[in-house]
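For what it's worth, the numbering used here labels the leading residue of the sequence shown as 1, then goes sequentially.
Glycine included, every Cβ here is placed at the ideal spot set by N, Cα and C.
Take a look at the structure below.
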Amino acid sequence: MTRDDVAHAASALLDSGMRLVLIACHEDDESFRIVYSFAGAQNRVELSVSVPREDAWIPSLASFSFPAGNFEREIRDLYGVQPRNHPQPHRLVRHGHWPRGWYPMLRSAAEIPEFEPDVESFPFVEVEGPGVYEIAVGPIHAGIIEPGHFRFSVVGETIVRMEARQWYLHRGVEKLFEGLSAAEGIALAEQVTGDTGVGHSLAFVMAVEDAAGIEVSEPDRLVRALLLEMERLYNHVTDLGSLANDVGFGIVDAHAQSLREQLLRINKTVTGHRFLRGALLVGGAQVLRLPDPVDLRRIQAAVEELVAVSLSHAIVRSRFAGTAVLPAPQAGTIGTLGYVARASGLDVDARRDHPFVNLGESFHVVTEERGDVLARYRVRAREFSISVAVIVDLVARLGPSTGTGTAVVPTQPGAGLSLVEAGAARLRIVSSSTLADCSAGSRSSTPRSSTGRHFPWPCRRRSSPTSRSPIRASTSPTPATTSRRARLPGARSLIPHASTSGQPACQRPYLESCSMVRKRACESVRLDSSIRLAAASSSTVPSSRSV
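Structure, rendered in structure tokens:
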């Protein structure tokens, strides 16, 4: 397929109801190969475009697909392939200190150069007015989550504005996969994120198996499903406690973290590792022992009691209800996944839509309609109970089996794709793996893994205000070396508002969707009913210097 054809073909696939799950760039000897992966209810389609090195660009699909726009920006940041006519062509994952012209995924980028001064980062907006103060969170967090910085502008308990800055850390994980055998790649995949070791490694293993045409026995697929649900349990109970703690109900969080510790200890008896590492193999799976259903039912009862206590508390409910509302149309436009999508009424779940094993009658997809914090809390709580029921059913179906422990060495080149509903449930992990011929067996060559991380974060930015509040905007230019300010009330924010006037027709749907998301987020906040928001800013503002 040529670059001239890809936009029309992609638009047709999206119109047919398919979802864009990944755009991956591969560096071949003489050119770049851009692969567009689409998934539908019953099938998957891939479009492949060859891009010459000396003319490295692709037509942007951002005018009709928000997720495509972010995938394209990531490819530009990592490979240098430019998305032509992108409506928001500023950097996404490129760190401000990276030297210009250096793209870390290229073969020529083996040596890490000296970093330059950060001249590309745009400043945070400073909100000014009576009683306004800032709360800075991150980029380094407690626990095992990835770095990220969040700047909250607050009046009392009302979040007037939240800005996020992601991708502080580039570990070069995808680059490290190159040259590894498939078996060696599993250990690396388990460490992509601390709380989703099973999700990432399972996605990698299944992509390798898809590339090599390897069949997996049903007992091993049942063990994999069990591990994925075990990972979901400790992530959900962590979030249920943290949400209560965020609204001042710390005693519930203390009990929830105790239950999380019990689950982690059960995990260690199952695989020998608290985060369930070491059980997955290419072609199979095996655990040390199966979890005791009695222990899981006991923890389930304790979690359900904590949920009942939290939701019966008037202050907790009042702070959850109506906070950070993400309506279904916006969630769909942005491409939201996981429990965030389901809490906004989107009936999507890879366990049902793209299953690798039948989870039985105990499993069903949980959705809520409100799209607020309360809905997301309820989805997590209900999914916890469902996951316990699924695990108990899987243990019964496995009987005495702990998996076959089959390990297959791929011997043929190929390309594969997999979709996994991550145990952390915030993400759907899409893994694309390419196997290259090698005398010692096929080895990984430029694998791509997407955690859907581009999809949830814009939603968190748009839905972050907790009540309605006033910020006005103007179009005054702002150098990257100066601060940008918004005043309450009546002041002018220095962030340009995306306007469709004067824009090419192909870019207007993209900008209109961005404006709709931005407008809805701002309208969900109120400090004074007499003060209304005139315009809101984009969370992705181009710096004064181009990438």
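Give the straight-line distance between the Cα atoms of Ala-343 and Ala-189, rounded to the nearest whole angstrom. 28 Å
Reduced DSSP secondary structure (H/G/I, E/B, other) of Ser-121: coil
Can Arg-84 and Ser-65 be called in contact, C-beta distance under 8 Å? no
Cβ-based burial, Tyr-133 [other Cβ within 10 Å; buried from 16]: exposed
So that I know if they touch, is there some Cβ in chain D lying closer than 8 Å to that of Glu-218? The structure shown contains no chain D; it holds only a single protein chain.
Starting from the Cα of Arg-237, find the closest Cα among Gly-272, Pro-293, Leu-20 and Gln-300 and give me that residue. Looking at the sequence shown, residue 237 is not Arg but Val. Per the Cα distances, Gln-300.
Which residues in the same chain as Glu-304 place their Cβ atom closer than 7 Å to its Cβ, once the five residues preceding and following it in sequence are excluded? Ser-385
Once DSSP output is grouped into helix, strand and coil, what is the label at Ile-140? coil
Could you have a look at His-26 and say whether DSSP puts it in helix, strand or coil? strand
On the three-state DSSP scale, how would you describe Ser-217? coil
Pair within 8 Å by beta-carbon distance, Glu-116 and His-90: no
So Leu-419 is in the alpha helix (DSSP H); what residue range does that whole segment cover? Leu-419 -> not in any alpha helix (DSSP H); beta strand (DSSP E) instead, spanning 414-421.
Selected residue, minimal CA-CA separation from Val-198, among Tyr-79, Val-270, Leu-20 and Val-35: Val-270
Looking only at DSSP bridge pairs, what is Val-84 linked to? Looking at the sequence shown, residue 84 is not Val but Arg. DSSP lists Pro-59 as partners of Arg-84.
Hey, quick one: how far does the alpha helix (DSSP H) through Met-206 stretch, first residue to last? 197-212
In the DSSP assignment, find the unbroken beta strand (DSSP E) run with Asp-46 in it and report its ends. Reading off the sequence, residue 46 comes out as Glu, not Asp. Here the beta strand (DSSP E) through Glu-46 covers 44-52.
If you draw a straight line from the C-alpha of Trp-102 to the C-alpha of Ser-121, how long is it? 17 Å
Look up Arg-273 in the DSSP assignment and say whether it is helix, strand or coil. Reading off the sequence, residue 273 comes out as His, not Arg. Note: His-273 maps to coil in three-state DSSP.
Burial state of Arg-319 (16 or more Cβ within 10 Å): buried
When we look at the beta-carbon of Arg-298 and count the other beta-carbons within 10 Å, is it buried (16 or more) or exposed? exposed
So Thr-402 packs on Val-287, CB below 8 Å; how close in whole Å? 5 Å
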